[in-house]
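Visitor:
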Amino acid sequence: MFVFIIRRVLQTIPVLLGVSLVVFLIMQMVPGDPATLLAGEGATKETIESLRHELGLDRPILYQYVDYILHAVQGDFGESLRSSRPVLDEIMVRLPITLELALASIFITVVLGMLAGIISATKQYSAADISIMIVALLGISLPSFWLGLMLIYFFSVNLHLFPVSGWGTFRHMILPAITLGAGGAAIVARMTRSSMLEVVRQDYIRTARAKGLKEYIIIYKHGLKNALIPVITVVGLQFGALLGGTVLTESVFAINGLGRLIVDAIRTRDLPMVQGGVLIASVIFVFMNLAVDVLYRYFNKRIDLN
Numbered sequence: 001m002f003v004f005i006i007r008r009v010l011q012t013i014p015v016l017l018g019v020s021l022v023v024f025l026i027m028q029m030v031p032g033d034p035a036t037l038l039a040g041e042g043a044t045k046e047t048i049e050s051l052r053h054e055l056g057l058d059r060p061i062l063y064q065y066v067d068y069i070l071h072a073v074q075g076d077f078g079e080s081l082r083s084s085r086p087v088l089d090e091i092m093v094r095l096p097i098t099l100e101l102a103l104a105s106i107f108i109t110v111v112l113g114m115l116a117g118i119i120s121a122t123k124q125y126s127a128a129d130i131s132i133m134i135v136a137l138l139g140i141s142l143p144s145f146w147l148g149l150m151l152i153y154f155f156s157v158n159l160h161l162f163p164v165s166g167w168g169t170f171r172h173m174i175l176p177a178i179t180l181g182a183g184g185a186a187i188v189a190r191m192t193r194s195s196m197l198e199v200v201r202q203d204y205i206r207t208a209r210a211k212g213l214k215e216y217i218i219i220y221k222h223g224l225k226n227a228l229i230p231v232i233t234v235v236g237l238q239f240g241a242l243l244g245g246t247v248l249t250e251s252v253f254a255i256n257g258l259g260r261l262i263v264d265a266i267r268t269r270d271l272p273m274v275q276g277g278v279l280i281a282s283v284i285f286v287f288m289n290l291a292v293d294v295l296y297r298y299f300n301k302r303i304d305l306n
């Protein structure tokens, strides 16, 4: 297991280099000159050129990229063009908020999704099964920003149960977490139902029932554990989707997290901030996939990690 983890960590290096290169090249192609935006309206050509030289934007692109990577591996992502503060410092202020939101959402995704999937599978073709699948289909189909706006309208504006925007208390967390986790919960519910239906038809489940074991022991001890592998895959992918989804959710609920920071940086062509934010999010996503692979092995000892 230790060798497997080390090997996977080493495999993340080319992945992160590829991500950083793609983001760097895309930001180079985005219209607008950061030096012009930073100098402001009315700045002379000499001032803009001087600023470009100071920021290193007049050097060849390859030189800029290599210089960025060499500093990034040392934890130096440069300074924000807007605030002149170190990029890493600003990310570390915003990142905990986004992680709190993502973890709350993944909790809703896993608990609500798996519970609904188990109920649906054990009550196949019943009214509960049909209702859950209809709700799951709605959860997959509805855009998260629309769901967020509707939750604000009903629970914040009309019923005054939760704050409209902001972050800081448990009540601030509920509506954004539901907005972000609803789609994932719907996908996990459908995957859990499908996987459970396949498992409960296996011979060892019939044997367990023939031995007189209680139904909840059969479902949760013998059935669920063997049905979890595809569900873990979906949950791992959903965590990556949640990090991306925080961009919209944080904008809807005016939360000052990493997603909103990246959006503001893109709008102002704050290149060091965009590159740093995306790279940090990529690192989290890559290590989340590593955790998924380790969980595979934990739940099924027959899986060969090689």
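Under UniProt numbering, the residue at position 154 of the sequence shown is numbered 154, and the numbers go up by one with no gaps.
We put the beta carbon where it would ideally sit given N, CA and C, even for glycine.
Would you mind sorting residue 124 into buried or exposed? The rule is 16 or more other CB atoms within 10 Å of its CB.
Guide: Residue 124 should be labelled exposed.
Visitor: Cβ of residue 35 less than 8 Å from any chain D Cβ?
Guide: Among the chains of the structure shown, chain D does not appear; only one protein chain is present.
Visitor: Express the C-alpha separation of residue 117 and residue 169 in angstroms, rounding to a whole number.
Guide: Approximately 30 Å between the Cα atoms of the pair.
Visitor: What do you reckon, are the CB atoms on residue 247 and residue 259 nearer than 8 Å?
Guide: Yes, the Cβ-Cβ distance between residue 247 and residue 259 is below 8 Å.
Visitor: To the nearest angstrom, report how far apart residue 31 and residue 237 are at their CA atoms.
Guide: Each residue's Cα considered, the two are about 32 Å apart.
Visitor: What are the partner residues of residue 79, as DSSP defines its beta bridges?
Guide: The partner list for residue 79 (beta bridge, DSSP) reads 86.
Visitor: Which class does residue 27 belong to by DSSP, given the choice of helix, strand or coil?
Guide: Note: residue 27 maps to helix in three-state DSSP.
Visitor: Can you tell me whether residue 109 is buried or exposed, with buried defined as 16 or more other CB within 10 angstroms of its CB?
Guide: Residue 109 comes out buried.
Visitor: Please report the distance separating the alpha-carbon of residue 262 from that of residue 182.
Guide: When rounded, the distance between both Cα atoms is 23 Å.
Visitor: Note the first and the last residue of the continuous alpha helix (DSSP H) segment covering residue 265.
Guide: Note, residue 265: alpha helix (DSSP H), 258-267.
Visitor: Select from 171, 140, 167 and 141 the residue whose C-alpha is nearest the C-alpha of residue 155.
Guide: Comparing Cα-Cα distances from residue 155 to each of 171, 140, 167 and 141, the minimum goes to 171.
Visitor: Rank 281, 265 and 14 by C-alpha distance to the C-alpha of residue 37 and give the top, closest one.
Guide: Per the Cα distances, 265.
Visitor: For residue 282, which residues from the same chain have a beta carbon less than 7 Å from its beta carbon, with the 5 sequence-adjacent residues on both sides left out?
Guide: Hits under 7 Å: 16 and 19.
Visitor: Considering residue 190, what are the terminal residues of the alpha helix (DSSP H) in which it resides?
Guide: Looking at the DSSP string, the run of the alpha helix (DSSP H) that includes residue 190 is 170-199.
Visitor: Start and end of the alpha helix (DSSP H) containing residue 226?
Guide: That run of the alpha helix (DSSP H) goes 224-252.
Visitor: What would DSSP say about residue 139, mapped onto helix, strand or coil?
Guide: Helix at residue 139.
Visitor: Are at least three pairs of beta-carbons, each pair with one atom in the segment 203-213 and one in the segment 128-135, less than 8 Å apart?
Guide: Touching, no, given that fewer than three Cβ pairs across the two stretches are closer than 8 Å.
Visitor: Is it buried or exposed, residue 58, if we count other Cβ atoms within 10 angstroms and call 16 or more buried?
Guide: Classification for residue 58: exposed.
Visitor: According to DSSP, is residue 148 helix, strand or coil?
Guide: Of the three classes helix, strand and coil, the one that applies to residue 148 here is helix, per DSSP.
Visitor: Would you decide whether residue 68 is buried or exposed? Buried here means 16 or more other CB atoms lie within 10 Å of its CB.
Guide: So residue 68 counts as buried.
Visitor: Take the Cβ of residue 22 as the centre, count every other Cβ of all protein chains shown within 10 Å, and call the residue buried at 16 or more, exposed below.
Guide: Burial call: exposed.
Visitor: Would the beta-carbon of residue 204 be found less than 7 Å away from any heavy atom of the ligand SAM?
Guide: Although the ligand SAM was asked about, the structure shown includes no ligands whatsoever.
Visitor: In terms of residues, what are the limits of the alpha helix (DSSP H) holding residue 41?
Guide: Where residue 41 is concerned, there is no enclosing alpha helix (DSSP H), given that its DSSP letter is neither H nor E.
Visitor: Exposed or buried, what is residue 77 when buried is set at 16 or more other beta-carbons lying within 10 Å of its beta-carbon?
Guide: Residue 77 is buried by the Cβ-count criterion.
Visitor: List the whole-angstrom C-beta distance separating residue 243 from residue 287, where the pair is believed to meet the contact cut-off of C-beta under 8 Å.
Guide: With a Cβ gap of about 12 Å, residue 243 and residue 287 do not count as contacting.
Visitor: By how many angstroms is the C-alpha of residue 26 removed from the C-alpha of residue 43?
Guide: Distance between the alpha carbons of residue 43 and residue 26 is about 26 Å.
Visitor: For residue 91, is the classification buried or exposed, using 16 other Cβ atoms within 10 angstroms of its Cβ as the cut-off for buried?
Guide: With 16 or more other Cβ atoms within 10 Å, it is buried.
Visitor: Could you tell me the alpha carbon to alpha carbon distance between residue 143 and residue 178, rounded to whole angstroms?
Guide: Spanning the two alpha carbons is a distance of roughly 13 Å.
Visitor: On the CB-based measure, 16 or more other CB atoms within 10 Å of its CB, does residue 180 come out buried or exposed?
Guide: That one is buried.
Visitor: Considering only residues of the same chain and omitting the five flanking positions on each side of residue 140, which have a CB-CB separation below 7 Å?
Guide: These residues qualify, in order along the chain: 183, 186 and 187.
Visitor: In this structure, how does DSSP classify residue 99 when only helix, strand and coil are distinguished?
Guide: It is helical.
Visitor: Tell me whether the beta-carbon of residue 272 lies closer than 8 Å to the beta-carbon of residue 79.
Guide: Cβ distance < 8 Å, so residue 272 and residue 79 count as in contact.
Visitor: Is it buried or exposed, residue 222, if we count other Cβ atoms within 10 angstroms and call 16 or more buried?
Guide: Classification of residue 222: buried, given that the 10 Å Cβ count is 16 or more.
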